[in-house]
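*Asks:*
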Amino acid sequence: GASQLSQFMDQVNPLAELTHKRRLNALGPGGLSRERAGFEVRDVHYTHYGRMCPIETPEGPNIGLI
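One point on numbering: in the working numbering, the residue at position 6 of the sequence shown is -4, and numbering is uninterrupted.
1) Look up L14 in the DSSP assignment and say whether it is helix, strand or coil.
2) Measure from the alpha carbon of R41 to the alpha carbon of each residue in G21, L14, M(-1) and D0, then state which is nearest.
3) Can you list, in chain order, the residues of its chain whose CB lies under 8 Å from that of S23, leaving out five sequence neighbours each side?
4) Is L5 helix, strand or coil by DSSP?
5) For V31 versus G54, is the C-beta distance shorter than 8 Å?
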């Protein structure tokens, strides 16, 4: 079956591959669930500025978690 801990590599171009390798995921075993993650978890913390890109997060129920 599929796992939340692995994804297919985005190899469209070198920048997409680099972005994919640096992606963080708060879901999965030992992590959060979409239903229990509140606004505080999904919001960009001030210590993340310059380290994480808020534009790269998906829309929908996973917003701010990936």
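Virtual Cβ for every residue (Gly too), placed ideally from N, Cα, C.
*Replies:* Reading from the atomic positions:
1) Locating residue 14 in the sequence shown gives position 24, counting from the first residue. L14 falls in the coil class under three-state DSSP.
2) On the sequence shown, residue 41 is found 51 positions in, with the first residue counted as 1. For R41, the nearest C-alpha among the options comes from L14.
3) As a position in the sequence shown, residue 23 is number 33, starting the count at 1. Answer for S23: L17, listed in chain order.
4) Along the sequence shown, one-based indexing puts residue 5 at 15. Helix, per DSSP.
5) For the purposes of this step, residue 31 is taken as residue 41 along the sequence shown, with counting starting at 1. For the purposes of this step, residue 54 is taken as residue 64 along the sequence shown, with counting starting at 1. In this structure, G54 lies closer than 8 Å to V31 by Cβ.
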